[in-house]
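Read through the structure below, which is laid out as structure tokens, and then see the notes.
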Amino acid sequence: MSEKRAGIGFIGAGEISLLHSKAIAAIPGARLVGLWNRTRATAEERAARYECRLFETPEELVGDPAIEAVFVLTNQETHLQYVKLALEAGKHVLVEKPLGMSTGEIVQMKRIAERCGRACVPGHNMIHEESLLRARELIANGDIGKIVSCYVLYNLHHSEERARTLPGMVRHILTHNLYTMIYLAGKPTRVAALKATRHYEKLTREDLAMCILELENGGLAHLCASFAADDLSSDPWTFMVKVIGTAGTTRYTYQDWVEVKKGISHSRTYTAYQATITAEDRYFVDVCLKGGNPRSSLEDAIVAQKTIEAVERSIAEGVTVEIDAGPGMD
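So the sequence shown is residues 360 to 689, counted in our numbering.
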């Protein structure tokens with residue numbers, strides 16, 4: 360007898376839902392039951408495309424017994440509202456990054472999940488890349504020695520029109536870079552950061568942000584997030600992760616898998632991006648829904664958010680900021 364497939368519901372049907380729907384379709388143990396989206400026209404188009412049910416309200420969606428887990432794919436400002444709704448309806452949750460507007464919001468998600476006895480997993484897709492799983496194992500086993508430095512660099516041009524639909528680089532991309540750094544090299548203790556706007560003509564938010572971090576293990580990290588320009592060099596830092604140790608080095612790059620066709624945001628399709636979403640969703644279905652621990656937890660998300668807030672303070676005040684990586688507070 361075939362195993363029952365987990366029913367998934369989407370709250371939010373924006374562009375990231377295109378990647379998650381493709382992922383769910385590739386997972387034998389899952390099926391997309393239905394979705395709700397604030398904009399009716401988008402909801403109707405996506406429900407037809409995904410061949411799933413269109414719910415009239417998010418309350419109707421979380422009340423459907425066919426749905427075991429909810430993916431919260433809305434804008435950052437509404438994540439806590441819909442995570443709380445789904446958890447208190449008895450559903451497990453995967454919530455896209457950035458998880459919340461503040462550390463306190465993510466702490467609330469964690470407390471609600473614990474009270475309801477349900478999984479609440481951050482959408483930290485980048486660490487589900489196979490190369491990074493191998494890198495983490497090498498680092499954890501001490502095979503590359505003591506960590507000297509960690510680099511997580513992102514340089515992918517986004518048009519101003521596309522960027523208008525997204526948060527700035529600090530919240531949108533540095534969050535990716537931070538949880539990846541934490542997964543591989545550990546927690547930070549202090550940070551110094553800067554931001555700039557280099558190619559937007561109307562938008563006032565940043566299209567470039569960089570920071571240097573001191574790590575608990577004594578190493579240093581350099582993170583870069585840029586929508587300002589593509590790296591067109593012979594060895595581009597499109598999305599590149601490198602950890603240098605006293606006895607070895609690990610490296611991963613988007614450039615190992617490139618398709619000559621336009622992606623949702625990018626001029627080319629970087630195959631690994633969809634692959635990490637699919638691997639993330641598969642792990643959520645096959646492991647987290649059966650009681651297993653996520654590869655990146657709400658505790659990691661809290662540390663990442665605390666660091667984002669420290670980055671914002673560093674930029675605003677022009678100072679190096681200490682980071683309290685202990686338990687979050689409301």
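No residue lacks a Cβ here, since even glycine has one placed at the ideal position from N, Cα and C.
By the 10 Å Cβ neighbour count, where 16 or more other Cβ atoms means buried, how is Arg523 classified, buried or exposed? exposed
Which residues bound the alpha helix (DSSP H) around Arg470? Thr462 to Cys475
In whole angstroms, what separates the C-alpha of Val662 from that of Ile532? 16 Å
Is the Cβ-Cβ distance between Leu537 and Ile674 less than 8 Å? no
Would the segment 465-482 count as touching the segment 494-502 if we require 3 or more Cβ pairs under 8 Å? no
Could you check what DSSP says for Met688 in three-state terms: helix, strand or coil? Annotation note: pLDDT 45 at Met688 (below 50); position unreliable, coordinate value reported separately. In the structure shown, Met688 sits in coil (DSSP, three-state: anything other than H, G, I, E or B).
Helix, strand or coil, according to DSSP, for Leu497 in the structure here? helix
Taking its Cβ as the centre, do 16 or more other Cβ atoms sit within 10 Å of Trp616, making it buried, or is it exposed? exposed
In chain order, what residues of the same chain lie with their CB nearer than 7 Å to the CB of Val507, ignoring the 5 residues before and after it? Gly578, Ile603, Gly604 and Thr605
Give me whichever residues DSSP pairs with Lys554 in a beta bridge. Ala568
Could you give the distance in angstroms between the alpha-carbon of Ser490 and the alpha-carbon of Val392? 32 Å
Buried or exposed: where does Glu681 fall if 16 or more other Cβ atoms within 10 Å of its Cβ makes it buried? exposed
Beta-carbon gap between Asp640 and Ile386 smaller than 8 Å: yes
On the three-pair Cβ rule with 8 Å, is the segment 406-416 touching the segment 434-448? no
Distance between Lys363 and Arg672 (C-alpha atoms, nearest Å): 48 Å
Grab the span of the alpha helix (DSSP H) containing Tyr613 for me, first residue to last. Unbroken run through Tyr613: none, as it is neither H nor E.
Closer than 7 Å by C-beta to Ala631: which residues in its own chain qualify, once you throw out the five before and the five after it? Chain order, please. Glu488, Tyr613 and Trp616
What does DSSP give as the partner residues of Ser585 in its beta bridges? Asn514 and Leu567
Quick check: the segment 420-428 against the segment 440-460, are at least 3 beta-carbon pairs closer than 8 Å? yes
When you compare the CB of Thr666 with every CB in chain D, is at least one pair closer than 8 Å? The structure shown contains no chain D, having only a single protein chain.
With a Cβ-Cβ cutoff of 8 Å, do Val452 and Ala425 count as a contact? no
Using the C-alpha atoms, what's the distance from Gly388 back to Ser361? Per-residue confidence for Ser361 stands at a pLDDT of 49, beneath the threshold of 50, marking its modelled position as unreliable; no derived number is given.
Given a threshold of 16 other Cβ atoms within 10 Å of its Cβ, counted over all protein chains shown, does Val678 qualify as buried or as exposed? exposed
Extent of the continuous beta strand (DSSP E) run through Phe643: Here Phe643 belongs to no beta strand (DSSP E); instead the alpha helix (DSSP H) covers Thr630 to Asp645.
DSSP three-state assignment for Ser376, whether helix, strand or coil: helix
Closest Cα partner of Lys561 within the set Glu520, Ala544, Met599 and Val644: Glu520
Going by beta-carbon coordinates alone, are Lys601 and Tyr513 separated by less than 8 Å? no
Check His451 in the structure and name its three-state DSSP category. strand
Give me, in chain order, the residues of the same chain whose beta-carbon lies closer than 8 Å to that of His379; leave out the 5 immediate sequence neighbours on both sides. Phe369, Phe430, Leu432, Ile636 and Asp640
How about Lys554 and Leu567: are their beta carbons less than 8 Å apart? yes
Only counting the same chain, and skipping five residues up and downstream in sequence, which positions put a Cβ closer than 8 Å to that of Gly622? Thr628, Tyr629 and Tyr632
What residue range is occupied by the uninterrupted alpha helix (DSSP H) comprising Pro526? Unbroken run through Pro526: none, as it is neither H nor E.
Rounded to whole angstroms, how far is the Cβ of Pro653 from the Cβ of Val454, which I believe are closer than 8 Å? Not really, about 11 Å apart at Cβ, beyond 8 Å.
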